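Student: Numbering (the numbering used here), first residue to last: 99 to 538.
Input: one structure, supplied below.
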Amino acid sequence: MTVPLAVDAKQAGDDPAPFGNNFIVLGFAIIAIFSTLTGMWLVAAPIQGAIVANGLVEVASNVKTVQHLEGGIVSEILVQEGDRVSPSQVLVRLQSTASTAAANEIKAQWYEAKATEARLIAERDGKDSIEIPPELKEPGKMAAEAVSGQESIFRTRQTLLRERLSLLQQTTGSLHKEIEGYEGQVVAATRKLELIEEQLGDVRALYQKKLVVRTRLTDLETEKADVGGDLSGYIASIGVARQKMEETKFKVAELNASTAADIVAELGVVRAKIYESAQRIAAADDVMTRTEIRAPIGGTIVGLKIHTIGGVIAAGDPLMDIVPIDDNFVVIANVDPLDVDQVKVGLHATIWLSAVGRRYQQPMNGDVRTLSADRLVDPRTGKAFYAARIALTPQSLKATPVALQAGMNTQVMIETGARSAWEYLSAPVYAAMGRALREQ
99 MTVPLAVDAK QAGDDPAPFG NNFIVLGFAI IAIFSTLTGM WLVAAPIQGA IVANGLVEVA
159 SNVKTVQHLE GGIVSEILVQ EGDRVSPSQV LVRLQSTAST AAANEIKAQW YEAKATEARL
219 IAERDGKDSI EIPPELKEPG KMAAEAVSGQ ESIFRTRQTL LRERLSLLQQ TTGSLHKEIE
279 GYEGQVVAAT RKLELIEEQL GDVRALYQKK LVVRTRLTDL ETEKADVGGD LSGYIASIGV
339 ARQKMEETKF KVAELNASTA ADIVAELGVV RAKIYESAQR IAAADDVMTR TEIRAPIGGT
399 IVGLKIHTIG GVIAAGDPLM DIVPIDDNFV VIANVDPLDV DQVKVGLHAT IWLSAVGRRY
459 QQPMNGDVRT LSADRLVDPR TGKAFYAARI ALTPQSLKAT PVALQAGMNT QVMIETGARS
519 AWEYLSAPVY AAMGRALREQ
């Protein structure tokens with residue numbers, strides 16, 4: 099049998115509800131615990147910081163631009179856009195008519211100078227013929243003409259020199275004979291004077307004895323004076339002739355000395371010309387080699403700018419670019435100047451390719467290798483940035499879903515280090531307070 103419980107209405111209305119109080123206490127406890135945990139998380143939990151920047155994939159060794167130093171007229175175009183080329187492969191040929199003519203002219207001058215040097219050496223050493231150097235024995239019209247011309251000059255100069263020396267030697271011979279003639283007359287005059295002197299002695303003795311007239315004595319004395327005068331004249335003529343002979347000998351020596359001096363001086367000038375011509379030949383040959391424009395590296399042709407045979411290219415104009423094959427890639431990130439103080443060499447970076455959805459790719463990893471010393475300006479947008487060069491890890495290069503190419507857009511996150519959530523939330527507040535306290 100069930101007995102109903104009677105509840106006093108008044109008693110029921112006066113007792114407090116125990117369950118309501120318990121819920122309130124529990125709520126406050128939950129709030130306190132959540133607040134404590136949140137505070138602990140804000141203070142202690144590390145959050146990785148990063149700077150986000152846009153970037154471009156580039157070849158580590160940079161794209162090579164093909165240019166030409168002098169420019170010229172296009173003769174052949176041997177590559178097309180997208181062709182793969184090997185190092186030193188001929189890309190373009192230029193017309194070589196002008197450069198060939200200039201090189202031949204300089205070589206002709208060099209051959210002429212070398213032949214002149216050989217002639218001068220033969221003249222200096224007093225040889226009867228020119229000793230041809232090996233350089234002038236090469237087959238070719240220029241060398242043969244140079245040698246032939248100098249041999250003709252050698253013979254002419256030798257003949258002229260011999261004739262001048264012969265004339266001087268003839269003069270010397272004539273003077274020598276003249277001296278011999280005067281010396282004979284001196285001997286004869288001396289002997290005649292001796293005879294006259296003997297006669298004078300006899301005539302004086304006879305004159306003192308009054309055996310001869312005075313005119314006889316006077317005639318002998320006059321004859322003696324005449325012969326003495328002739329003797330003095332002969333002796334003087336011998337002196338003059340000998341002086342002329344010495345002068346002639348001096349002229350011979352002077353001619354030989356001046357000829358030798360002229361040869362030495364001319365030899366110095368010619369050797370300087372040989373050196374100058376050799377330098378110009380090297381420069382001309384260098385120009386000749388550059389009529390064939392070759393690939394500085396192996397790679398792929400991009401940005402081909404010449405398409406017309408017979409077209410003119412100016413000195414220094416870019417003709418095409420070559421993107422290296424199998425080269426490492428790097429990412430150049432454009433860091434905002436406001437964030438550059440947080441970027442340091444060695445920081446880790448995560449890179450995504452902008453052309454591929456993130457869920458279809460694994461991010462590439464790398465580290466900051468260099469940071470530009472000054473800010474740069476994008477010429478298209480005018481936006482300033484600092485260039486951070488990021489080297490990709492080999493594992494990242496292998497894991498990319500597509501083959502990397504220079505020029506691909508990327509998004510880069512450069513990790514700047516871990517900070518607590520409280521530091522992230524309070525940093526703007528502290529910064530604002532700092533600025534506010536500095537305002538006047």
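From the three backbone atoms N, C-alpha and C, an ideal C-beta is built for every residue, glycine too.
In this text, all values refer to a predicted model and were calculated from it rather than measured experimentally.
Suppose contacts are defined by Cβ-Cβ distances below 8 Å. Is V284 in contact with L315 by that definition?
Tutor: Not a contact, by the Cβ cut-off of 8 Å.
Student: Compare the Cα-Cα distances from A380 to each of N202, A196, N160 and report the closest residue.
Tutor: The candidate whose alpha carbon is nearest that of A380 is N202.
Student: Cβ atoms of V441 and L469: under 8 Å apart, would you say?
Tutor: Yes, these two residues count as a Cβ contact at 8 Å.
Student: Specify, as a first and last residue, the run of the beta strand (DSSP E) that R88 falls within.
Tutor: Beyond the ends of the chain as shown, which are 99 and 538, falls residue 88; an answer cannot be given.
Student: Please list the segments of the beta strand (DSSP E) lying wholly inside the segment 290–358, counting only runs of 3 or more residues, in order along the chain.
Tutor: DSSP runs (the beta strand (DSSP E)) wholly in the segment 290–358: none.
Student: Can you tell me the Cα-Cα spacing of G238 and K349, whole angstroms?
Tutor: If you take the alpha carbons of G238 and K349, they lie about 43 Å apart.
Student: Let's see if you can read the secondary structure: which residues bound the alpha helix (DSSP H) around N160?
Tutor: Unbroken run through N160: none, as it is neither H nor E.
Student: Considering L417, what are the terminal residues of the beta strand (DSSP E) in which it resides?
Tutor: Looking at the DSSP string, the run of the beta strand (DSSP E) that includes L417 is 416–422.
Student: Under the DSSP definition of a beta bridge, which residues are partnered with I449?
Tutor: Paired residues: M462, V510.
Student: With 16 other CB atoms within 10 Å as the buried threshold, where does K403 fall?
Tutor: Answer is exposed; the Cβ neighbour count stays below 16.
Student: Confirm the yes/no value for this check: CB of S272, any heavy atom of the ligand ATP, distance under 7 Å.
Tutor: This structure lacks the ligand ATP, and indeed carries no ligand of any kind.
Student: Find the nearest neighbour of V172 within the set L234, I391, G444, V150, judged by alpha-carbon distance.
Tutor: The candidate whose alpha carbon is nearest that of V172 is I391.
Student: Here's a check: name, in chain order, each residue in its chain whose Cβ is nearer than 7 Å to the Cβ of R217, leaving out the five neighbours to either side.
Tutor: I228, Q248, I251, F252, listed in sequence order.
Student: Is it true that the segment 176–187 meets the segment 395–412, where meeting means three or more beta-carbon pairs spaced less than 8 Å apart?
Tutor: The answer is yes - the segment 395–412 touches the segment 176–187, with three or more Cβ pairs under 8 Å.
Student: Going by beta carbon distance, what residues of the same chain come within less than 7 Å of S375, once the five residues before and after it are set aside?
Tutor: Excluding sequence neighbours, S375 sits near I204, Q207, W208, A211.
Student: Please name the residue, chosen from L135, T134, L189, K342, that lies closest to M418 on a Cα-to-Cα basis.
Tutor: Considering only alpha carbons, the answer is L189.
Student: Just to check my reading of the structure: I395 and P232 have Cβ atoms closer than 8 Å, yes? What is that Cβ distance to the nearest angstrom?
Tutor: Not really, about 40 Å apart at Cβ, beyond 8 Å.
Student: Thinking C-alpha only, which one of Q341, E352, E345 is nearest L259?
Tutor: Nearest C-alpha to L259: E352.
Student: Give me the Cα-Cα distance between V161 and R473, rounded to the nearest whole angstrom.
Tutor: Roughly 22 Å separates the two Cα atoms.
Student: Three Cβ pairs or more, each shorter than 8 Å: is that satisfied between the segment 125–132 and the segment 484–498?
Tutor: The segment 125–132 is not in contact with the segment 484–498.
Student: Counting along the chain, where does the alpha helix (DSSP H) carrying R217 start and finish?
Tutor: Per DSSP, R217 belongs to the alpha helix (DSSP H) from 195–222.
Student: Using three-state DSSP, classify S375 as helix, strand or coil.
Tutor: Helix, per DSSP.
Student: Under a Cβ-count criterion, where at least 16 other Cβ atoms within 10 Å of its own Cβ denotes burial, should V155 be classed as buried or exposed?
Tutor: Under this definition V155 is a buried residue.
Student: When the Cα of P461 is compared with those of Q165, G337, T448, which residue comes out closest?
Tutor: The residue with the shortest Cα to Cα distance from P461 is T448.
Student: Within 10 Å of its beta-carbon, does I356 have 16 or more other beta-carbons around it, so buried, or fewer, so exposed?
Tutor: A small correction: the amino acid at residue 356 is Ser; Ile does not occupy that position in the sequence shown. When all chains shown are included, S356 counts as exposed.
Student: According to DSSP, is R369 part of a helix, a strand, or is it coil?
Tutor: Correct three-state label for R369: helix.
Student: Where do the N-terminal and C-terminal ends of the beta strand (DSSP E) with G170 fall, by residue?
Tutor: Unbroken beta strand (DSSP E) run through G170: 170–175.
Student: List the residues that DSSP assigns as beta-bridge partners of Q165.
Tutor: Answer is P416.
Student: Can you tell me the Cβ-Cβ gap for K322 and E295, rounded? I've got them flagged as a contact below 8 Å.
Tutor: Correct: roughly 7 Å between the Cβ atoms.
Student: On the CB-based measure, 16 or more other CB atoms within 10 Å of its CB, does A412 come out buried or exposed?
Tutor: Under this definition A412 is an exposed residue.
Student: For the beta strand (DSSP E) containing R478, list its first residue and its last residue.
Tutor: Where R478 is concerned, there is no enclosing beta strand (DSSP E), given that its DSSP letter is neither H nor E.
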